[in-house]
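Numbering of the sequence shown is given in our numbering, commencing with residue -2 and proceeding in unit increments.
Here a beta-carbon is modelled for each residue, glycine too, at the ideal position from N, C-alpha and C.
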Amino acid sequence: MIPVSRCLRETEEKIMQIVRNEGLISRADIARKSGLSKPIVSVVVNNFISQGSIVEVKEGESSNRGGKKPMLLSFVPNYKYVVGVDVGGNKLISILADLDGNIVEKAKFSTKSISDEETFLETVEKAISQVMNVPLSKVMGIGIGVPGTVDPESGMIFYMPAFGLRKVNLMSCMEERFKLPTFVSNDVTLNALGEMWAGAARGCRNVFLTALGTGTGAGLIINNELYEGTSGMAGEIGYMITDWSREKNLSFVFGSLESWFSGYAFEKLLSEFENEPTVAQMFDHSDSNPRFREIVTVACEHLSVVIANVITLLDPDVVVITGGIGYNQYDRIFSLIMPVLRRTVPAEILNRVTFKRGELGELGVSLGAVCNVQRKVFMEV
-2 MIPVSRCLRE
8 TEEKIMQIVR
18 NEGLISRADI
28 ARKSGLSKPI
38 VSVVVNNFIS
48 QGSIVEVKEG
58 ESSNRGGKKP
68 MLLSFVPNYK
78 YVVGVDVGGN
88 KLISILADLD
98 GNIVEKAKFS
108 TKSISDEETF
118 LETVEKAISQ
128 VMNVPLSKVM
138 GIGIGVPGTV
148 DPESGMIFYM
158 PAFGLRKVNL
168 MSCMEERFKL
178 PTFVSNDVTL
188 NALGEMWAGA
198 ARGCRNVFLT
208 ALGTGTGAGL
218 IINNELYEGT
228 SGMAGEIGYM
238 ITDWSREKNL
248 SFVFGSLESW
258 FSGYAFEKLL
268 SEFENEPTVA
278 QMFDHSDSNP
288 RFREIVTVAC
298 EHLSVVIANV
308 ITLLDPDVVV
318 ITGGIGYNQY
328 DRIFSLIMPV
338 LRRTVPAEIL
348 NRVTFKRGEL
358 GELGVSLGAV
368 CNVQRKVFME
378 V
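And the structure:
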């Protein structure tokens, strides 16, 4: 593991944060907003200019008293780049983005043929190499999201059901190959971070994101910090019990909620229909087809119970619904879960919670990975 700590000291981070937030700002205004002395601000800013992370852009307006016009400063987002990788059960997306999240390179690879650790590592390595078209010295680090449980400290992947792989030390392998700090996390966890940084949860400090797709999972941001739990397994809502009186006598291949609401569960039910309709067709015709309506309604009721429990436990600012099913069927899902939430969650709690469809789509995880690297290596974003 490459030793990592943030490269900015507290004073430096405070100044950099102000410059990034303001867009254009003078040294004097930085001193005023930060409460730091003008000499300290000048020293730090000059160091940033020397390293290329801040640039003098143009002269501003002079004060009412006249005098020399101040020089306005701006952050340089392409001072460094970050590689973000989203490893999915069907495809892998890798991006190279600047520090503002602007994507300059993007690649896609199929993951359907991955069945062993060697092929998995080769695919990830190839995806990273494909987008890294800048000098290594310009790359701050690599962030990777995987569909499985991960130790947040060691980067060890405990288990990835999509590939049937266990105990894969992806982080150390990529650090050895690229000589860059590398961070591996659960994909849905990073999706929540991505939406908070650049999507539906911008400006929110407490975020609950649920990804509804082939499986069902969640990502949590608590007090502006990514919450992964003691062992990196926080957010596994697919295992949550939604009807113990019934479920205590049942045996599930997947988690309890996932057996009611997931692509796996829906496809199993639809395989019994003539012509085997798709999940999208089931949702699209759930108003006119009584059987489809029953499946969708019952699934959303179970999902509602989990969301209600999370809201009453965590009191989030926003609930973001995304994933292949969640994103595409958001309106239908929202209309079915809200009546249950209104019956189960106290109004004084529910009325303060905003519900949103994810905004980043297939880029949510990779952008979250980019954000995570910045937070670990550079500064809070």
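If you follow the alpha helix (DSSP H) that residue i is part of, which residue opens it and which one closes it?
i, result
"I141", "That residue, I141, is in no alpha helix (DSSP H); its beta strand (DSSP E) goes 136 to 143."
"T341", "327 to 341"
"N43", "35 to 48"
"I12", "7 to 19"
"I125", "114 to 128"
"S169", "167 to 175"
Helix, strand or coil for residue i, going by three-state DSSP, please let me know.
i, result
"E298", "helix"
"S363", "helix"
"F280", "helix"
"I238", "coil"
"R24", "helix"
"A262", "helix"
"I(-1)", "coil"
"D184", "helix"
"T227", "coil"
"A189", "helix"
"K30", "helix"
"F270", "coil"
"E291", "helix"
"L357", "coil"
"E255", "helix"
"T275", "coil"
"V350", "coil"
"V131", "coil"
"K164", "strand"
"V370", "helix"
"V147", "strand"
So, at 8 Å on beta carbons, what are the nonlocal neighbours of residue i in its own chain, with the 5 sequence-adjacent residues on each side left out?
i, result
"M13", "L5, F45, S50, I51, F72, M376"
"L310", "none"
"T116", "S110"
"N43", "none"
"A305", "V337, L338, T341, V342"
"S23", "G57, P67, M68, L69, L70"
"M(-2)", "S151, G152, M168, S169, E172"
Looking at residue i and the ligand FMN, is the gap between the Cβ and the nearest heavy atom below 7 Å?
i, result
"I100", "For the ligand FMN, the structure offers nothing, since it holds no ligand at all."
From which residue to which residue does the beta strand (DSSP E) around residue i run?
i, result
"L93", "88 to 95"
"G152", "Here G152 belongs to no beta strand (DSSP E), and DSSP marks it neither H nor E."
"E53", "51 to 56"
"E102", "100 to 107"
"F70", "Strictly speaking, residue 70 in this sequence is Leu, with Phe absent from that position. It spans 68 to 72 - the beta strand (DSSP E) in which L70 sits, taken as one unbroken run."
"A208", "204 to 209"
"I218", "213 to 219"
"I346", "I346 -> not in any beta strand (DSSP E); alpha helix (DSSP H) instead, spanning 344 to 347."
"T319", "315 to 319"
"G81", "78 to 84"
Leaving out five residues before and five after residue i in sequence, what residues of the same chain have Cβ atoms less than 6 Å from its Cβ?
i, result
"K55", "L69"
"I322", "L209, G210"
"K35", "A28"
Leaving aside the five residues before and after residue i along the sequence, list all residues of the same chain whose C-beta is less than 7 Å from its C-beta, in chain order.
i, result
"M230", "T146"
"Y156", "G145, T146, R163"
"R174", "E122"
"L357", "G191, E192, A195, G196, L364"
"V362", "D83, G142, D184, L187, N188, G191"
"S253", "Y236, M237, I238, T239, E244"
Handout entry: Three or more C-beta pairs below 8 Å linking the region 340 to 359 and the region 230 to 243
Key = The region 340 to 359 makes no contact with the region 230 to 243, as fewer than three CB pairs between them are under 8 Å.
Practice task
Specify whether the region 219 to 229 and the region 327 to 342 touch according to this definition: at least 3 beta carbon pairs, one from each stretch, less than 8 Å apart.
Solution key: no
Handout entry: Contact between the region 145 to 155 and the region 195 to 203 (3+ Cβ pairs under 8 Å)
Key = no
Practice task
Taking 8 Å as the threshold, find out whether the region 329 to 339 comes into contact with the region 156 to 170 through three or more Cβ pairs.
Solution key: no
Exercise for the section: Spell out a yes or no on whether the region 114 to 131 and the region 74 to 93 are touching, meaning 3 or more CB-CB pairs, one atom from each, closer than 8 Å. Expected result: yes
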